[in-house]
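Chains A and B supply the protein sequences, listed in that same order.
If you're matching positions, the first sequence starts at 1 in this note's numbering and goes up one per residue.
If you're matching positions, the second sequence starts at 1 in this note's numbering and goes up one per residue.
Glycine residues also receive a C-beta, built at the ideal position from the N, C-alpha and C atoms.
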Amino acid sequence: MGVLTKQELQYLEEKLKRKANEIEQDIVGAEWSEHCSYKSSKKYLRLLPTKGRRVVVGPGYDAGVLDVGDGYVLTVHIESHNHPSAVEPFGGAATGVGGVIRDIMSMGTRPIAVLDALRFAPITGKGKAASKSKWLFKNVVKGIADYGNCIGIPTVGGEIEFDPSFEDYCLVDVASIGFGKKEDIVANQANVGDVIVLAGGSTGRDGIHGASFASKALEAENRSAVQIPDPFLEKLLLEATMEAVKQGCIKGIKDLGGGGLSCCLSETSDTLGKGFDVELSKVHTREGGMTPAELMISESQERMLYVTDNARLPALQAVLDKYEIKHAVLGTIQEHQDLIVRNSGDVVAQMPSHLVAHAPLADRKLKKPAYLDKLQKVKQPRAPANLGKVLLSLLSSPTIASKRWVYQQYDHEVGVRTVGKPGAGDAAVMRLDNGKLVAIKLDGNSKHCYIDPYQGTLGCLSEGRRNIICTGAEPVGVVDHLQFASPEDPEIYWTFTQAIDAIVNYCKFMEIPVVGGKVSFYNETAKGPIKPSPVMGTLGLIEDASHVTRFALEPGDSIFVVGNTSSEMGGSEYYEHYHGITGGIVPQVNLETDRKNGDSVLKLIKSGLVNCAHDCGKGGLAVALAEMAIAGSTGVKVDLNSVPNSCKRMDDLLFSESHSRYIIGTQDAASVRRMLSSEGVAFAEIGRAQGRNIEFTKGKNKVVRLALKSAEAGFYSLEKTMQR
Amino acid sequence: MAAKIGIAVFPGSNCDRDVHHVLNNVIGVQADFIWHTKDRIAGYDAMIVPGGFAFGDRLRAGIIAAHSPIVQEIKRMAKDGMPVLGICNGFQILVESGLLPGALMMNDSLRFVCRWTKVEVKNNKTPFTSQFERKQTFGIPVAHGEGRYVADSKILKDLKKKNQIVLQYSNDDPNGSTDLIAAICNEEGNVMGMMPHPERASESILVADNSSNDAITIFRSLVSNLKQKAVA
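And the structure:
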């Protein structure tokens, strides 16, 4: 499998001023794959705002690092494992978790939480597509659960979307946050004579060409490109790494992921600015007869590379021995700038590390997709007679329904940090050792992003910020995961640049730095490309535990809405799930309003006036209120006449997904009213938590009356769907 | 001499640090990690075998750990009457080592389950439950794949006769255990195994909605018993 393009090979040989041998071509092929090199995206990623008062280390390393005060740092990273999971969902998802955890470890911090954002084709219905999707869903969840549970890192949150564009495919994004002392962050500095240690799993033929496999459309099910997970070994590596970090015997560290040793060695050598001279016969292998090229590009899991000096090598070896982890000194740091690879002494590859680690950037063409204009104009559906039935249908739709079936399979409490638990608040909340708490949430919306990639991406960011604020947190950073089909298609590439524009504009305006991210292209099958699927992870900091807020209403709460509702139905669950319509105008984000509404709600929460807060997102006002009612086991009664809106239709008002809206419950309506008035935001008191029904009226006229019990049955229907 | 508690740590233990935190920082008793290769333990007044996936749950949960040096030592300590508490995977290890009867099998749902439930105190005469009222119920989370306690009719009869059922799930069975058993003790009462996680329910900031941190009474009972012993 030759993986370098003709032009790339030509470029390589021009730089080398000689022919590249086969091993060299394989090494460079792995490193210059889209997956490892970002050759189609780098130019645009440089536009992202990455500086901020808390940013210690921005994107580009294994994980971003944020200062959370008192000498502590948070690290964060996001990765996907889409291709492998589509072929072998259990192993693909599990190794995805393993990879992102090693990225966090590589900074010298202990992973304290995992989140996952998953996308599948619809799982309801009788067709073959639905049962395949269900199989993927079930096994992806099991893969994440088995890995995270075994290693003892809680899986605390995420999101799941179902959409037909993921037929025969799936998106599996895993994010992790780590926590540690600032002084323990591995400096990644080395001197000539220092030693390079490979530790962990043995190297086998699994995951050969994995990075290249992930850098093409998924055509054939290449199972040998999928790695095999071993969470127990990863757990040992985690504890050993933490112990070695504490003992100060690591000078440099890097995990082995996509591209295996090729990427790890060339990137580390390039980062350190020093040459590497390594001997492949030292690599502990799983099977005999592996060629140097196979050893260099195998993506066998649970492997770490450490750099240390001769004085501290025995201490590092003792820690690895304690955990019975196999390790070997592969080679040494040299004065030159090359990556030299030897096999039993003979040099089999020698290239400048900088050249290997920096692929020539690809120049991709852009073209606005023709479909976009068509999608803007769709015929409005006829309003259903029974809007209560619509609400029930939306609550039962797998995208909106409770993900209890998923998160109860994840150990989400190990580590005794999980304050905001899944299903209870808009984001996961983890306590830190300095009395502060971190809130984190992943948000995506492929339906919105397909119809309008720019506004759709803005919307994901707005939703992330709202979710974080609703837990009582100040947003402090964002990680982005940009997932698209082939960048070689100018129309797809255009949607990618739109997403970048949105992130740049939103984050600059809100002054939230982008602290890490990942790009994944070639997400397509014979059935076609996926919808543009940026997933945004938002992090927030809660200074005081008393600010932690959940979304369960209490009987007697006065209910307020902040923000205006407009008829922006494009991509809504109401249009897509209920009516089967794709198209229309997606909700538009007004940055100024978005900031103002969010700031006001955060101020309210911090002042202690708010009992519960919830973002108005998928399914709109009606679904948000129903979720708050179900969480609090109380009915609600809301008068739609009082809701600030510019909707012409009742169904639009109930189910529009307009951004920048919050719902809050309070026992002190007068103070909330006073404070919101002085903030100058659109708001209204719209009803109360009471009774056993979810009730919407328009003055005296009944619009929706759904028994809380029925709403609960629908909302918790995923268990049943998965049993069928 | 102040009481000192040992926490057994195996490769793959996950809840060792959580138990360590609760004992040292919440209760204020000294607790130390003890690595599994240790075959002589001196100076400790009680042992806790924490949750996790010791040895990756290979072969079956708890079986490899049951043959480790530290467990042979724990057996000796148990025989001498020292309190030994196994939580989750620790319960599985105590069962595999023969310190407690019965077996822990795959949940009846065939899935891992992590959620809060309620348990009722059936026996408040053990060193781990002495500060509870009998029949007191309290909220506590479970997190396990193989947590379904199974005992044949003979063992069950014995357990009942000798008052060895310590905690029972109260109308909210997470796994299909025989007789809703959540925790049992040995005949002498000094060795207890429980599937739920008291260390996750010992601080009010961590408890689920509509619950409390009453589970801390497990550790409080233990520490108070150790102190009484020290005085006597």
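Could you tell me if residue i is buried or exposed, where buried requires 16 or more neighbouring beta carbons within 10 angstroms of its beta carbon?
i        : result
Tyr506/A : buried
Gly56/B  : buried
Leu110/B : exposed
Ile153/A : buried
Ala8/B   : buried
Glu183/A : exposed
Asn467/A : buried
Gly423/A : buried
Tyr410/A : buried
Asn310/A : exposed
Ile216/B : buried
Glu719/A : exposed
Ala20/A  : buried
Lys702/A : exposed
Val672/A : buried
Trp32/A  : buried
Gln725/A : The structure shown has nothing for residue 725/A, since chain A only spans 1 to 724.
Asn225/B : buried
Give every residue of the same chain whose Cβ lies closer than 6 Å to the Cβ of residue i, excluding the five residues on either side of it in the sequence, and list them in chain order.
i        : result
Val406/A : Val141
Lys421/A : none
Ile585/A : Glu568, Gly570
Ile218/B : Phe128, Pro198
Leu94/B  : Gly86, Leu100, Gly193
Ala502/A : Tyr454, Thr457, Leu458
Tyr44/B  : Lys4, Gly6
Ile512/A : Pro475, Val478
Given residue i, which residues of its chain have a CB within under 7 Å of its CB, disregarding the five upstream and five downstream residues?
i        : result
Ala315/A : Gln247, Cys249
Val223/B : Ala3, Ile27, Val29
Thr271/A : Asn188
Val22/B  : Glu199, Ser202, Phe219
Leu706/A : Gly388, Leu391, Leu392, Asn693, Ile694
What residues match up with residue i in a beta bridge as DSSP calls it?
i        : result
Glu685/A : Phe560/A
Asn343/A : Asp346/A
Ala13/B  : With the sequence shown as reference, residue 13/B is identified as Ser, and Ala is not the correct amino acid for it. Answer is Gly52/B, bridged to Ser13/B.
Phe179/A : Leu74/A, Arg110/A
Cys185/B : Met192/B
Ile333/A : Phe276/A
Tyr169/B : Val119/B
His614/A : Ile663/A
Leu706/A : Ile694/A
Tyr149/B : Leu104/B
Met47/B  : Gly6/B, Val84/B
Which same chain residues end up closer than 8 Å to residue i when comparing Cβ atoms and leaving out the 5 residues on each side of it in sequence?
i        : result
Lys603/A : Met675, Glu679
Asn150/B : The amino acid at residue 150/B is misidentified as Asn; the sequence shows Val. Answer for Val150/B: Gly102, Ala103, Leu104, Met105, Ser177, Thr178, listed in chain order.
Lys698/A : Asp639, Leu640, Asn641, Met650
Thr525/A : Ala86, Glu167, Asp168, Tyr169, Ala217, Leu218, Glu219
Ala669/A : Ser558, Phe560, Glu685
Thr137/B : Lys118, Val119, Glu120, Val121, Ser170
Return yes when at least one heavy atom of the ligand NAD lies under 8 Å from the C-beta of residue i, else no.
i        : result
Glu324/A : By its list of ligands, the structure shown contains no ligand whatsoever, and the ligand NAD lies outside what it can speak to.
Ranges of the beta strand (DSSP E) found wholly within the stretch 375-439 of chain A, counting only runs of at least 3
418-420, 428-431
Any residues in the stretch 131-147 of chain B with a beta carbon nearer than 7 Å to a beta carbon of chain A? Which ones, in chain order?
Pro141, Ala143
Looking at chain B, which residues of the stretch 545-559 of chain A have a Cβ within less than 9 Å of any of its Cβ atoms?
Ala545, Val548, Arg550, Ala552
Between the stretch 149-177 of chain A and chain B, which residues of the former have CB atoms less than 8 Å from a CB of the latter, in chain order?
Asn149, Cys150, Ile151, Gly152
When Cβ atoms are compared, which residues of the stretch 183-202 of chain B fall closer than 7 Å to chain A?
Answer in chain order: Glu199, Arg200.
At 3 residues or longer, and completely inside the stretch 457-514 of chain A: list those beta strand (DSSP E) runs for me, N to C.
474-483
Which residues of the stretch 159-179 of chain B have a Cβ closer than 7 Å to any Cβ of chain A? Give them in chain order.
none
Considering only residues of the stretch 209-262 of chain A, which uninterrupted alpha helix (DSSP H) runs meet the minimum length of 4 residues and lie entirely inside it, listed in chain order?
210-213, 231-246
So if I threshold CB-CB distances at 8 Å, which residues from the stretch 85-118 of chain B count as touching chain A?
Arg111, Phe112, Val113, Cys114, Arg115
Residues in the stretch 226-242 of chain A with C-beta within 9 Å of chain B's C-beta atoms, listed in sequence order?
Asp230, Pro231, Phe232, Leu233, Lys235, Leu236, Glu239
Taking any Cβ of chain B, which residues in the stretch 398-413 of chain A have a Cβ under 8 Å from it, in chain order?
Tyr407, Gln408, Gln409, Tyr410, Asp411, His412, Glu413
Would you list, in chain order, the members of the stretch 18-37 of chain B that have their beta-carbon closer than 7 Å to a beta-carbon of chain A?
Asp18, His21
Could you run through the stretch 310-326 of chain A and flag, in chain order, every residue whose CB is less than 9 Å away from some CB of chain B?
Those would be Lys322, Tyr323, Glu324, in chain order.
Members of the stretch 200-219 of chain B near chain A, C-beta cut-off 7 Å
Arg200, Ile205, Leu206, Ala208, Asp209
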